[in-house]
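S.K.:
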Amino acid sequence: MNPAAGTTSLALTPRQLWSRARGTLLVLALVLIGGIVLATVQSTGSHGALDPRSADPHGSRAVAELLKARGVTVTVTTTLDETTAATTGTSTLLVTSPDLLTEAQQSTLRRAITEAASRTVLIGSGSPSLPTLAPDVTGATSVPAENRTPSCTLEAATRAGSADLGGERYLVDPGTAADACYPADGLPTLVRVPGPGATDTVLLGSPDILYNDRLDQQGNASLALQLLGSRPHLVWYLPSLSDTSAAAPDDDTTGDFLALIPSGWLWGTLQLAVAALLAAFWRGRRLGPLVTERLPVALRASEATEGRARLYRKANARDRAATVLRTATRTRLAPALGVPVQDAHSPERLLPALSARLPETTADPKHLLFGPAPADDITLIRLADQLDALEREVRTS
Numbered sequence: 001m002n003p004a005a006g007t008t009s010l011a012l013t014p015r016q017l018w019s020r021a022r023g024t025l026l027v028l029a030l031v032l033i034g035g036i037v038l039a040t041v042q043s044t045g046s047h048g049a050l051d052p053r054s055a056d057p058h059g060s061r062a063v064a065e066l067l068k069a070r071g072v073t074v075t076v077t078t079t080l081d082e083t084t085a086a087t088t089g090t091s092t093l094l095v096t097s098p099d100l101l102t103e104a105q106q107s108t109l110r111r112a113i114t115e116a117a118s119r120t121v122l123i124g125s126g127s128p129s130l131p132t133l134a135p136d137v138t139g140a141t142s143v144p145a146e147n148r149t150p151s152c153t154l155e156a157a158t159r160a161g162s163a164d165l166g167g168e169r170y171l172v173d174p175g176t177a178a179d180a181c182y183p184a185d186g187l188p189t190l191v192r193v194p195g196p197g198a199t200d201t202v203l204l205g206s207p208d209i210l211y212n213d214r215l216d217q218q219g220n221a222s223l224a225l226q227l228l229g230s231r232p233h234l235v236w237y238l239p240s241l242s243d244t245s246a247a248a249p250d251d252d253t254t255g256d257f258l259a260l261i262p263s264g265w266l267w268g269t270l271q272l273a274v275a276a277l278l279a280a281f282w283r284g285r286r287l288g289p290l291v292t293e294r295l296p297v298a299l300r301a302s303e304a305t306e307g308r309a310r311l312y313r314k315a316n317a318r319d320r321a322a323t324v325l326r327t328a329t330r331t332r333l334a335p336a337l338g339v340p341v342q343d344a345h346s347p348e349r350l351l352p353a354l355s356a357r358l359p360e361t362t363a364d365p366k367h368l369l370f371g372p373a374p375a376d377d378i379t380l381i382r383l384a385d386q387l388d389a390l391e392r393e394v395r396t397s
């Protein structure tokens, strides 16, 4: 390289770095802000739906306070061990999400209920939990919760009157002495199945009568207080993912790695993947037409020509190389023959002028200037030599 030639630094300037990185940084900032907003919305002071400590619309603090005012003690449990220890013959056990319990947990809970001889209230129990916790009842299709009439002789239902019930519907086995109330399309959404002695199991198809924002509607409060306040002690069981009893040996989900990952992390990973794809698409799409850029270093013409020739050879592009050689030769010959440059590539204009200039030449001008592509590298080299000789002959004639 010519040492006198000017050079340009290849290092990116801060402005170039910012231009290249600002798109990715913007996407990451949006994802981060969205995560913070979502976490802020979800991380309020509430404890969740059907939680007797929550004052949210779908919490159950109102009914818990009413029960306490009537002299009922409320114990909130989140593990199976706490629940079985707190359940006695003078208590009512409320299970908010029985379908979340594993088969081992359901069996343990069923034994505890039988031994304690207490009342059990199951909220939204379906096919995953009914065979163990209420074997005489099967689930049917669910319906929306709405105002329904008791249509049964259960004393708690007749006193409360109409209430907001729906959700799971139930089929009671023939021969079972059960109270079927608040029917929806012919099937009850509240079922009471009596057990030995004073024990019984109450199935509520939906939890709406326990929600804070619906407790003062219809007979919801009356029905909830009668079902949960018949005994001096209420065990309010909120099944939790942190309960170690869920990892029982017979639980077939313990071998599934994805089952051990909280759903929030899976959704977060999916969002990051979508953001990465969008960022890649944004960075990869062409922004407008191509523009000419300065070379980072000054190159001699011979070096550029030699480099391009190597590329043609590596790609076996003899046709392209021959076209470039012929086009350049025709462009240089046209002014010397008195042919306008715009007609340099027209055989009808260039060849007659060349024949008039070189009437006794042994070369075939048509084959040299407008012939087919060379078949091999040797033919291409011979073509280059012949074109060079033809051009020298024209200039010296």
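Quick note on the numbering used here: the sequence shown kicks off at 1 and runs consecutively.
Don't be surprised by glycine CBs; every beta carbon is placed ideally from N, CA and C.
These numbers were taken from a predicted model, which means no experiment stands behind them.
#1: If contact is defined by three or more beta carbon pairs under 8 angstroms, each pair taking one atom from either stretch, is the segment 212 to 219 in contact with the segment 67 to 78?
#2: Inspect the beta-carbon positions of I113 and T96 and report whether they are closer than 8 angstroms.
#3: Which whole-angstrom value is the C-beta distance of L203 and L122, which I expect to be below 8 angstroms?
#4: Counting only runs that start and end within the segment 97 to 128, where is the alpha helix (DSSP H) found for 4 or more residues in a row?
#5: Between I209 and L187, is the Cβ-Cβ spacing less than 8 angstroms?
#6: Which full runs of the alpha helix (DSSP H) of 4+ residues lie inside the segment 338 to 396, going along the chain?
#7: Can at least three beta-carbon pairs, one atom from the segment 193 to 200 and one from the segment 155 to 168, be found at a separation below 8 angstroms?
#8: Where does S397 land, buried or exposed, given buried means 16+ other C-beta within 10 angstroms?
#9: Using 8 angstroms for Cβ pairs, my map puts D99 next to S129. What's the rounded Cβ distance?
#10: Find the nearest neighbour of S91 within the set P232, I381, L133, judged by alpha-carbon distance.
#11: Could you pull the start and end residues of the alpha helix (DSSP H) that P131 belongs to?
#12: Report, in whole angstroms, the separation of the C-beta atoms of L93 and T120, which I expect to be a contact under 8 angstroms.
#13: Considering only residues of the same chain and omitting the five flanking positions on each side of V27, which have a CB-CB separation below 6 angstroms?
#14: Let me check one thing: in DSSP terms, what residues is Y170 bridge-paired to?
#15: Considering only the alpha carbon of each residue, which of R110, S125, G124 lies closest to S406?
#16: Apart from the five residues just before and just after R159, which ones in its own chain have a Cβ nearer than 7 angstroms to its Cβ?
#17: State the Cα-Cα distance for the pair D251 and T79, rounded to the nearest angstrom.
#18: With distance defined between alpha-carbon atoms, name the residue in L383, S230, G23 nearest to E155.
#19: Please name the residue in G35, A55, S151 whose C-alpha comes closest to that of G264.
#20: Indicate the three-state DSSP secondary structure (helix, strand or coil) for L25 in the structure shown.
#21: Which one or two residues does DSSP pair with Y237 in a beta bridge?
#22: Can you say whether S125 is buried or exposed, counting buried as having 16 or more other CB atoms within 10 angstroms of its CB?
#23: Nearest to P150 by alpha carbon, out of C181, P174, S127?
#24: Which same chain residues, not among the five before or five after C152, have their C-beta less than 7 angstroms away from its C-beta?
#25: Should G255 be labelled buried (16 or more other beta-carbon atoms within 10 Å of its own) or exposed?
#26: Using a Cβ-Cβ cutoff of less than 6 angstroms, which residues in the same chain neighbour T8 once the five nearest sequence positions on both sides are dropped?
#27: Based on the DSSP secondary-structure assignment, which residues constitute the bridge partners of D164?
#28: Mind checking if L38 is an interface residue toward chain D, Cβ cutoff 8 angstroms exclusive?
#29: Restricting to Cα atoms, I'd like to know which of A389, L38, G23, P14 is closest to G268.
#30: May I have the straight-line CA-CA distance separating S355 from R318, to the nearest angstrom?
#31: Where does A157 land, buried or exposed, given buried means 16+ other C-beta within 10 angstroms?
M.R.: The short version:
#1: Result no; under three Cβ-Cβ pairs closer than 8 angstroms.
#2: Counting from 1 along the sequence shown, the entry for residue 113 is found at position 113. Counting from 1 along the sequence shown, the entry for residue 96 is found at position 96. Cβ atoms of I113 and T96: not closer than 8 angstroms.
#3: Along the sequence shown, one-based indexing puts residue 203 at 203. Along the sequence shown, one-based indexing puts residue 122 at 122. Rounded to whole angstroms, the Cβ separation of L203 and L122 is 5 angstroms, and the two are in contact under 8 angstroms.
#4: For the segment 97 to 128, the full-length alpha helix (DSSP H) segments reaching 4 residues or more read 103 to 116 along the chain.
#5: By one-based count along the sequence shown, residue 209 stands at place 209. By one-based count along the sequence shown, residue 187 stands at place 187. The criterion of a C-beta distance shorter than 8 angstroms is not satisfied by I209 and L187.
#6: Qualifying alpha helix (DSSP H) stretches, in chain order: 347 to 357, 365 to 370, 377 to 396.
#7: Counting C-beta pairs closer than 8 angstroms gives fewer than three between the segment 193 to 200 and the segment 155 to 168, which falls short of the contact rule.
#8: Along the sequence shown, one-based indexing puts residue 397 at 397. By the C-beta density criterion, S397 is exposed, having fewer than 16 other C-beta atoms within 10 angstroms.
#9: Your numbering for residue 99 matches position 99 in the sequence shown. Your numbering for residue 129 matches position 129 in the sequence shown. Sure, about 5 angstroms apart at Cβ, within 8 angstroms.
#10: Translated into the one-based positions of the sequence shown, residue 91 becomes position 91. S91 has its Cα closest to that of P232, out of P232, I381, L133.
#11: The sequence position of residue 131 within the sequence shown is 131, counting from 1. Run containing P131: 130 to 133, per the alpha helix (DSSP H) assignment.
#12: By one-based count along the sequence shown, residue 93 stands at place 93. By one-based count along the sequence shown, residue 120 stands at place 120. Taking the Cβ atoms as the reference, L93 lies roughly 5 angstroms from T120, within the contact range of under 8 angstroms.
#13: Working through the sequence shown from its first residue, we reach residue 27 at position 27. Correct list, in chain order: A275, A279.
#14: Reading the sequence shown from its first residue, position 170 is the one you call residue 170. Y170 pairs with G139.
#15: Because the chain in this structure spans residues 1 to 397, residue 406 falls outside the shown range and cannot be described.
#16: To locate residue 159, count along the sequence shown from 1; it is residue 159. Answer for R159: S222, Q226, listed in chain order.
#17: In the sequence shown, residue 251 corresponds to position 251, counting from 1. In the sequence shown, residue 79 corresponds to position 79, counting from 1. Residue placement at D251 is poorly supported in this model, since its pLDDT is 46, which falls under 50; the coordinates are not used for a value here.
#18: If you number the sequence shown from 1, residue 155 lands on position 155. Closest by alpha carbon: S230.
#19: Within the sequence shown, the letter at position 264 stands for residue 264. Ranking G35, A55, S151 by Cα distance to G264 puts G35 first.
#20: Translated into positions along the sequence shown, residue 25 becomes position 25. Looking at L25 - three-state DSSP - the assignment turns out to be helix.
#21: On the sequence shown, position 237 is the one that residue 237 refers to. Beta-bridge pairing links Y237 to T77, V95.
#22: Position 125 of the sequence shown holds residue 125. Residue environment for S125: buried (at least 16 other C-beta atoms within 10 angstroms of its C-beta).
#23: For the purposes of this step, residue 150 is taken as the residue at position 150 of the sequence shown. Relative to P150, the option among C181, P174, S127 whose CA is nearest is C181.
#24: The sequence position of residue 152 within the sequence shown is 152, counting from 1. Result list for C152: D179, A180, C181, in chain order.
#25: By 1-based counting over the sequence shown, the position of residue 255 is 255. Only weak support exists for where G255 lies, its pLDDT of 49 falling under 50; the value from the coordinates is given anyway. With fewer than 16 other Cβ atoms within 10 Å, it is exposed.
#26: Taking the first residue of the sequence shown as 1, we reach residue 8 at position 8. Unreliable placement is indicated for T8, whose pLDDT of 40 sits below 50; the coordinate value is still reported in the next sentence. Here the set comprises P296.
#27: One-based indexing of the sequence shown puts residue 164 at position 164. The partner list for D164 (beta bridge, DSSP) reads N147.
#28: Included in the structure is just one protein chain, with no chain D present.
#29: The residue you call residue 268 lines up with position 268 of the sequence shown. Per the Cα distances, L38.
#30: Position 355 of the sequence shown, counted from the start, is the residue given in the question as residue 355. Position 318 of the sequence shown, counted from the start, is the residue given in the question as residue 318. Between S355 and R318, the C-alpha separation is close to 27 angstroms.
#31: Within the sequence shown, residue 157 is the residue found at index 157, counting from 1. Taking all protein chains shown into account, A157 has 16 or more neighbouring C-beta atoms within 10 Å of its C-beta and is therefore buried.
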